[in-house]
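Written out as structure tokens, the structure is:
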């Protein structure tokens, strides 16, 4: 019985790209179907399971789409699958007629396959994004750890450079004194500034004197004396230079006297500047036994108004007195200044160098401020270390998903390629049904 008027013959020959027909027919014949996922998506859950990938009808098509529809130059002999954009080019697409009813069934099958494949692609993408999000958090944490570790190490390096630059832990200053490495054979005079300006460095001053007495006076010097000078008076431990070995008034008594008379309490009421002239005149005036070497511990110079007078006095003393012994210079002075303001001040340096003379020395002792600065640096390092430990503990609780993210990315790429193949062939099937071009 002939078909009714107005309806197409279901067996009417309809053109379709032959390679598309072969692939779709093979998919139907092999009953290709997606597996339902059981937990983690793997290659087994691809819209075209991996056991079908080696099928001759699918092999080159899968390779073509897995390369993002790009043919490498060395693969130029590859048979490219038909695509909708090339449907009108007979040199690229070979079309053959097949019954329309069969094509309808094929199109229906492919529509279902594309719908499922698109859904599965979304599932693979969601799986990868979930792991990527966790891995991104982990990588961000790793970067934080690297940054904090680098900052901590940089601060440690800065601390080491600071201690070297400031000579903080040099053995000669840790064990020895900044007053010098050697005392004269006799008549060493230690003069200590007693003022409110020096009160801040009482402990550092005593430490230097103690190290000098134990390291230099005790082994090298027969007689010595200690004096405190302020703005109104000069007080001494002994009236004259005292033998260090005296059983009653020896080294121990000198240290005891210094601790009793030199403290923040005794320095506080004495206003700056102290009377340098009175201190030097007391031990160098006529009838006094000249010191072989003077050791002065002070805050800073008395100020420009007094400095010229002091320099004139020192020059006069050296010019009008003979050497105390053969080969000994006239009244060399070793000076240690404690006020950090003298560091980098050229006028201060010029004054102290002139007072010290060619055989004396001048050194600024900023160890108190340096240690405070170093303490701040090390506290910052300690804070960074605690922060680093906290971040590392947090990292220990996070799983390394980098390899699994890479695996999921590969799985997704193949799923997208397979999805693209099915979508392309579905479009060609749909085109075949809508195409009114008669077969040749």
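In the working numbering, the protein residues as written are 20 to 459. Don't be surprised by glycine CBs; every beta carbon is placed ideally from N, CA and C.
With H, G and I counted as helix, E and B as strand and the rest as coil, what does DSSP make of residue i?
i	result
residue 453	helix
residue 381	strand
residue 260	coil
residue 173	helix
residue 246	strand
residue 61	coil
residue 20	Residue placement at residue 20 is flagged as unreliable, the pLDDT there being 46, under the threshold of 50; the coordinate-derived value follows with that caveat. Residue state, collapsed to three classes: coil.
residue 207	strand
residue 291	coil
residue 272	helix
residue 79	helix
residue 461	One cannot answer for residue 461 here, as it falls past the ends of the chain, which runs 20 to 459.
residue 308	coil
residue 74	coil
residue 448	helix
residue 141	helix
residue 181	helix
residue 357	coil
residue 235	helix
residue 85	helix
residue 425	helix
residue 109	coil
residue 52	coil
residue 419	coil
residue 91	coil
residue 38	helix
residue 67	coil
Given a cut-off of 7 Å on the beta-carbon distance, is the pair residue i and residue j in contact?
i	j	result
residue 53	residue 427	no
residue 29	residue 120	yes
residue 249	residue 283	no
residue 318	residue 326	no
residue 406	residue 89	no
residue 116	residue 32	yes
residue 61	residue 440	no
residue 421	residue 169	no
residue 447	residue 118	no
residue 332	residue 281	no
residue 384	residue 197	yes
residue 213	residue 289	yes
residue 261	residue 268	yes
residue 219	residue 245	no
residue 144	residue 431	yes
residue 51	residue 83	no
residue 299	residue 224	no
residue 329	residue 303	no
residue 455	residue 34	no
Identify the residues that DSSP records as bridge partners of residue i: which are they?
i	result
residue 33	117
residue 352	313
residue 212	248
residue 254	247
If you compare alpha carbons, which of the options is closest to residue i?
i	options	result
residue 435	180, 136 and 407	136
residue 311	352, 323, 277 and 300	352
residue 199	382, 267 and 451	382
residue 209	362, 223, 243 and 401	243
residue 175	392, 151 and 36	392
residue 47	87, 126 and 34	126
residue 305	85, 339, 376 and 265	339
residue 43	454, 444 and 455	444
residue 254	269, 272, 276 and 262	276
residue 433	45, 87, 41 and 49	87
residue 394	348, 240, 179 and 237	179
residue 279	330, 264, 258 and 222	222
residue 161	456, 419 and 438	419
residue 217	233, 229 and 285	285
residue 111	38, 45 and 130	38
If you follow the alpha helix (DSSP H) that residue i is in, where does it begin and where does it stop?
i	result
residue 200	That residue, residue 200, is in no alpha helix (DSSP H); it is neither H nor E in DSSP.
residue 333	323-339
residue 285	283-286
residue 224	221-231
residue 101	Careful: residue 101 lies outside any alpha helix (DSSP H) and carries neither H nor E.
residue 402	386-415
For a cutoff of 7 Å on Cβ pairs, would you count residue i as touching chain D?
i	result
residue 380	Among the chains of the structure shown, chain D does not appear; only one protein chain is present.
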